[in-house]
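Counting along the sequence shown from 1, when you hit position 678 you're at 1348 in this note's numbering, and nothing is skipped either side. So the structure is just underneath, and the comments pick up after that.
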Amino acid sequence: RGDEGDVHSPPSVTIFGYPLSIFFIVVNEFCERFSYYGMRAVLVLYFKYFLKWDDDFSTTIYHTFVALCYLSPILGAIIADSWLGKFKTIVYLSIVYTAGQVIMAVGAINDITDGNKDGTPDNMTFHIALSMVGLLLIALGTGGIKPCVAAFGGDQFNDDQEKQRSTFFSIFYLSINAGSLLSTIITPILRAQKCGIHTQQQCYPLAFGVPAALMVVSLIVFIVGSGMYNKTAPSGNIMVKVCKCIFFAIMNRFHNRSSQIPKREHWLDWAEEKYDKLLIAQVKMVLKVLFLYIPLPMFWALFDQQRSFSLQQGLMVIQPDQMQTVNPILILIMVPVMDFIIYPLISKCKLNFTPLRKITVGMFLAGLAFVAAALVQLQIDATLPDFPSSTEQQAKFINMVNRPINITAGKYAFQLQALQGNKEYNRYDLSFDLTIDSGSTETIRLPGGTRNTIVIVEEADRMTNIKVSIKVRSKSKSNHIFFNGFGMTLNITVGEEGFGNIVSKNMSTYVDVPQGTAKFVIKNAAGSTCVFKREFGFGSSYTFIIPPNVTFEENCEPHIKEVEDIKANSIHMAWQIPQYFLMTSGEVVFSVTGLEFSYSQAPSNMKAVLQAGWLLTVAVGNIIVLIVAEAATLPDQWAEYVLFAALLVLVCIIFAIMAYFYTYIDPVKIEADFANLEPEDEKKKNLEMTKKDMVENHDEKKRRSSNEGKIVQTNF
C-alpha cells in the first residue's frame, strides 16, 4: 500500500485533449449499466411468472433490492479509499457482480429441476435460493463499484484539465443512460423468446444471460486499460480515522466546555491535540458537503414519483411502459444540448452559473414538471367517467334472457333487448328496489363506492339476477370481464393472464389487458377451443357475453357480444412530452452537476466516499418513497402533483439558502498548503506536545510521592 497521495501515473496518452484511459472507463460504464438495467427490466415479471410470487411480495423484494443497490456504495467507497484503491475495488467487486448475474441466469433455467418434464420446476426452493444469492451479489457489486467508477474517471485528469473533467462527467452520465435505454428495449424482447429443453417457455435465462455477458465484457474492457490509468493509492483506514477524529473533537469540546477556556474557530479544531491539521481540514471539507446534501433525499423521493406520470396518466394512446424509454432518450439529447449550447450561452451572458446554482435550477425545473403534469391530469380527468362516492354506487344491467324485458330499478325504468346491456351506468343509493317485467319487487343492496354489473338470467321459468361489483379501480388499468351464458364451464385465457374456470351463468374475475390487439382463447370442458381477437384503446373496459349458441370453431368472434363499461381514452401521449422534457432537463442539470461537484470538493483520499454520499441521497430518497407510499393521498391526482411541485420548490428554497453560505474550496491547494508547513511550525507543535508531556509526568511523580508519604505515616 502506498502512502497517502501516492499516484501511479503512466505516460499520458490523449485523444482530443482527453486521456485515452477514460474511454475504457466510459465503455465499462455503458456495459455495466446495460447489464444492470437489462436484468432489472424483467425482474418483477420473473418474480411473478417464474417464481410465482404475488404482486405485493414481488414489489417489496424489488424495492428492497434497489434500495440495497444504493446503500452498498458506502461499503465500496470505504474499501476503495481505505484498503484496495479504486482500481482493485472495481475489478474485485465486478467479479462478484458478474458471478451474481451468472447465478441469476442459471437460477432461471427451469429444466434444471424439471424432472417430470412438465414445464414446472420440481424444486422451486432451489431456484428462489439461487435468485436471492444472485441478487445479493449483484447489489453488492453494482453498488460497490458505483462511487468508485465515477471518482476513478475523475482521477485520470490533471489539475489543469478542469474543463475536460467536467465534460467527462457529462459523457459518463450519457453512457449510463445509453446503456439503460438499449437494455430496456432489448431485454424484454429477449424474455419474450421461447426456449427450453423439455418445454418452450418465456426465455428468462436469455434475458438474464445477455446482461451477464455484458458484465463480462465490462470487466474485460476495464482491465485492458489497466496500463493507462492514474491509480491513486489508498491512504489507510481513512473512515476509521475520520470517525475517531470527529468523536475526539466532540469529547474534547465537552471536557473543555468551561467559559474560561478560549473558543476555537471550528468545533473540529478541538481535535488538534491528537490529529494533524491536514486530516482535520479534510474532514471539514467532507462534512461541509454532506451537510449541504441533507435536503437532497427529498428531491430524489419526489423525483421518483415521475413514474406516476405514466402510471397515473396511463389513459393514453400509448402504454405506460413504453414511456420508460422517453427519459433516457431525452437525456441523450439534453446532455450535449446543455454542455454545448445552454451553458456556453449562459457564460456569454456573464452569468456565474456555479454548480450549486445548477443544482438549484435542476430542482426548480423538476417542480415545473409536476405543474405540467397537473395540467395534463386536469385534461385527463375531464374525459374520465364519473365514479361513485363512498355513499353511493352505480349499476348497469345485462339481459341474458332470449327476449326483451322491462326493468324498473329505483327511479329508472327502461327496456333491454336480448343479450344487450345499458350503455351507461345509473347512479343509485346503497339500496334500491328492482322489478323485472311484472314480477315481484326485490331490494338490491350494493357496497358503496362500487360500479356493478347486474346480469338478468332465467332459471326454471323464473327471472333471477347475478351481481358482480368492482371497486373504483386505478385509472391506468384496462379491466375486462366475461359472462358465461354457455351451458358448461369455460376456461378463458389472454396471453399469460387467465380468467379462470367460469361456471355456466356466472361472471369471471376482472383481468387487466394491455392496449392493442388481444387474442382470447376460450376452451370448453370437452377440450374444444375457439379464438376471438379484439382491439383495445388504453383505459377501456368491457363486459363480454358468451351466448348459449356459441359454436366452438376456429373463430368465434361473430358470436361474442360486448357491453362497453368505460370508453378508451383519446388524449394523445404528446401532452406528456413537456413534463418529461422539464423533468429530464432538471435531472441533467441536477445529477450531472452533483457528480462533478462531489468529486471537485472532496479531498484526495475521500473521493469515492463523497461520491457514495451523493448516491446515499438517492438511497434515502427511495426509502422515503417506500415509507410514505401508502400514506394518505389526495383524492385528486392533479392535486397530488401540485403538492409534489410545492414540496420541490420548498426543498429548492432551503437548498438555495444553504448554498448561499457555502464557500467553494480547492482541495488540492489546501492539501498542498498543509503538506508544506514550515519546519518551525512543526517544531513549535512538537515542543508544545513535549512540554505538555513533561508537565503531566511531573504532576504524576508528585502525586506518587505524596501517596507514598501518606502510607509511611500510617504505618508509624
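Ideal Cβ placement from N, Cα and C applies to all residues, glycine included. All figures in this text were calculated on a predicted structure; none of them were measured in a lab.
Check your understanding: If you check the beta carbons only, do residue 1035 and residue 1290 fall under 8 Å apart?
Key -> no
| said: For the region 1269-1281 against the region 813-832, do three or more pairs of beta-carbon atoms, one drawn from each stretch, fall closer than 8 Å, so that the two count as touching? | reply: yes
**Message:** Relative to the C-alpha of residue 890, which candidate in 959, 796, 701 has its C-alpha closest?
**Reply:** 701
inquiry  = Which residue marks the beginning of the alpha helix (DSSP H) containing residue 740, and which one marks its end?
reply    = 725-741
Considering only their Cβ atoms, is the gap separating residue 1256 from residue 909 smaller than 8 Å? no
Below 8 Å, how does it come out for the region 1216-1224 and the region 1152-1167: are there three or more Cβ pairs, yes or no? yes
- Could you give the C-beta distance for residue 775 and residue 875, rounded to a whole number, given that I count them as a contact under 8 Å? 5 Å
- Task: Pull up the distance between the alpha-carbon of residue 1306 and that of residue 732, whole angstroms please.
- Result: 28 Å
Just verifying my parser: in three-state terms, what is the DSSP assignment at residue 1088?
coil
Next item on the list: Could you say if the region 766-773 and the region 799-819 meet the contact criterion of at least three C-beta pairs nearer than 8 Å?
Entry: yes
Query raised in the report: So residue 763 and residue 811 are in contact, right, with Cβ under 8 Å, and what is the actual spacing, rounded?
Result: 5 Å
Exercise. Apart from the five residues just before and just after residue 1348, which ones in its own chain have a Cβ nearer than 7 Å to its Cβ?
Worked result: Per-residue confidence for residue 1348 stands at a pLDDT of 47, beneath the threshold of 50, marking its modelled position as unreliable; the derived number appears in the next sentence. Correct list: empty, nothing qualifies.
8 Å Cβ shell around residue 938 - same chain, five flanking residues per side excluded: 915, 916, 919, 950, 953, 954, 957
| Does the beta-carbon distance from residue 1210 to residue 1236 come in below 8 Å? | yes
With H, G and I counted as helix, E and B as strand and the rest as coil, what does DSSP make of residue 1160? strand
- Return helix, strand or coil for residue 926, following the three-state DSSP convention. coil
Neighbourhood of residue 829 by C-beta, 7 Å cutoff - its chain only, sequence neighbours within 5 removed: 1338
Once DSSP output is grouped into helix, strand and coil, what is the label at residue 1272? coil
Going along the chain, which unbroken runs of the beta strand (DSSP E) with 3 or more residues stay wholly within the region 1158-1239? 1160-1164, 1167-1172, 1186-1194, 1199-1206, 1211-1216, 1231-1236
message = Going by DSSP in three states, residue 899 sits in which element: helix, strand or coil?
response = coil
- Cα separation between residue 789 and residue 868? 7 Å
I need the straight-line Cα distance from residue 1045 to residue 786, nearest angstrom please. 57 Å
*asked:* Give me the DSSP bridge partner(s) of residue 1102.
replied: 1114
Next on the checklist: At 3 residues or longer, what runs of the beta strand (DSSP E) sit wholly inside the region 793-880?
Outcome noted: none
query: Tell me, which residues are paired with residue 1153 by DSSP?
result: 1177, 1215
Notebook entry, point to check: How about residue 857 and residue 880: do their beta carbons lie closer than 8 Å?
Noted result: yes
Identify every residue that forms a DSSP beta bridge with residue 1076. 1085
Buried or exposed, going by whether 16 or more other CB atoms sit within 10 Å of the CB of residue 885? buried
Item to complete: Taking only the alpha-carbon atoms, compute the straight-line gap between residue 1271 and residue 1028 and give it to the nearest angstrom.
Response: 15 Å
Notebook entry, point to check: Candidates 862, 818, 693: which alpha carbon is nearest residue 742's?
Noted result: 818
So residue 740 packs on residue 813, CB below 8 Å; how close in whole Å? 6 Å
Three or more C-beta pairs closer than 8 Å, one from the region 1325-1339 and one from the region 1017-1027: is that the case here?
yes
- Message: Within 10 Å of its beta-carbon, does residue 1205 have 16 or more other beta-carbons around it, so buried, or fewer, so exposed?
- Response: exposed
Below 8 Å CB to CB, which residues in the same chain sit around residue 923 once its five sequence neighbours on both sides are set aside?
937, 940
_Under 8 Å: do the region 1189-1207 and the region 1218-1231 share three or more Cβ pairs, one atom per stretch?_
yes
Look at the Cβ atom of residue 690, then the Cβ atom of residue 848, and state whether they are nearer than 8 Å. no
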